[in-house]
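Trainee: Per this note's numbering, the very first residue in the sequence shown carries number 1; after that it's consecutive.
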Amino acid sequence: MDKKVESKTVGYSRTVMSRIMLPSEANPAGNVHGGEIMKFMDTTAFVAAVKHCRTNVVTARVDELEFYLPILVGQLVTCRARLVFVGKSSMEVAVQVQVEDLKIDKPPKTALTAYFTMVALDDNCNPCRVPRLELRSPEEEALFKKREKIYLANKGKRKSN
Ligand SMILES: CC(C)(COP(=O)(O)OP(=O)(O)OC[C@H]1O[C@@H](n2cnc3c(N)ncnc32)[C@H](O)[C@@H]1OP(=O)(O)O)[C@@H](O)C(=O)NCCC(=O)NCCS
């Protein structure tokens, strides 16, 4: 990590990735497998986290993964990722998946959401410090505090196991 960079905004690492879903990613009825979308979410969270810390990162945890809508072959899927909380070496990334049918003139709908915890690693694969998250709105501050409580509670549970 560049030692001179002490904090970065949420916008700095915000990431959007889109792709068309293919038959090889679906069951015989044309429903895309949940795991394919989860992989796409993980990749988008990875990109956002690496942009924030500029080191390698690994996925440590996924929270509150919810599937609201089916996704079908031929639909355009867009993953949006943004950092919502940063600890010392961990970053929590909120990921929203939107789905749309390109042949129909309607806005995209939210199909899935989840929070991915990504941990930054140095060249020796040890967790390393990441820049602080510079919060620029009351919404960002409220979400940071909410996810910080969950981060602390989960840390406590891991210690007591
Ligand atoms: C994530 C990992 C690097 C943490 O290593 P560790 O030696 O346990 O590190 P620490 O206990 O010092 O924790 C480092 C950070 O990770 C966080 N962390 C560790 N385990 C976690 C978990 N299960 N869930 C959420 N965060 C976790 C800690 O809270 C800490 O965050 P902080 O620095 O912001 O406070 C290690 O458990 C690992 O490599 N796991 C496998 C990751 C992986 O390969 N993912 C892809 C699977 S295919």
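All residues carry an ideal CB built from backbone N, CA and C; glycine is no exception. Predicted, not measured: the structure shown is a model, and the values here were computed from it.
Can you tell me whether Thr-44 is buried or exposed? The criterion is at least 16 other CB atoms within 10 Å of its CB, across all chains shown.
Mentor: The residue is buried, with at least 16 neighbouring Cβ atoms inside 10 Å.
Trainee: Give a single yes or no on whether Thr-43 has its beta carbon closer than 7 Å to a heavy atom of ligand 1.
Mentor: Not under cutoff, so the answer is no.
Trainee: I need the DSSP call for Cys-128, collapsed to helix, strand or coil.
Mentor: Cys-128 falls in the coil class under three-state DSSP.
Trainee: By alpha-carbon positions, which one of Tyr-115, Gly-74, Lys-103 and Arg-158 ends up nearest to Asp-143?
Mentor: One point to set straight first is that residue 143 is Leu, not Asp, in the sequence displayed. Selected option, being the one with the closest Cα: Tyr-115.
Trainee: Could you check whether Thr-55 and Ser-90 sit closer than 8 Å to each other, using their CB atoms as the reference points?
Mentor: No, the Cβ-Cβ distance between Ser-90 and Thr-55 is not below 8 Å.
Trainee: Taking only the alpha-carbon atoms, compute the straight-line gap between Ala-46 and Ile-37 and give it to the nearest angstrom.
Mentor: The amino acid occupying residue 46 in the given sequence is Phe; Ala does not appear at that position. Near 14 Å, if we compare the C-alpha coordinates of Ile-37 and Phe-46.
Trainee: Give me the Cα-Cα distance between His-33 and Tyr-151, rounded to the nearest whole angstrom.
Mentor: Each residue's alpha carbon lies about 29 Å from the other.
Trainee: So, is Thr-110 buried or exposed, given that buried needs 16 or more other C-beta atoms within 10 angstroms?
Mentor: Exposed, by the Cβ-count rule.
Trainee: DSSP has Phe-85 in a bridge; who is on the other side?
Mentor: Answer by DSSP bridge pairing, in chain order: Glu-92.
Trainee: Identify, in the order they occur along the chain, each residue of the same chain with its Cβ nearer than 7 Å to the Cβ of Asp-42, setting aside the five sequence neighbours on each side.
Mentor: Once the five neighbours on either side are set aside, the close Cβ partners of Asp-42 are Thr-59 and Phe-116.
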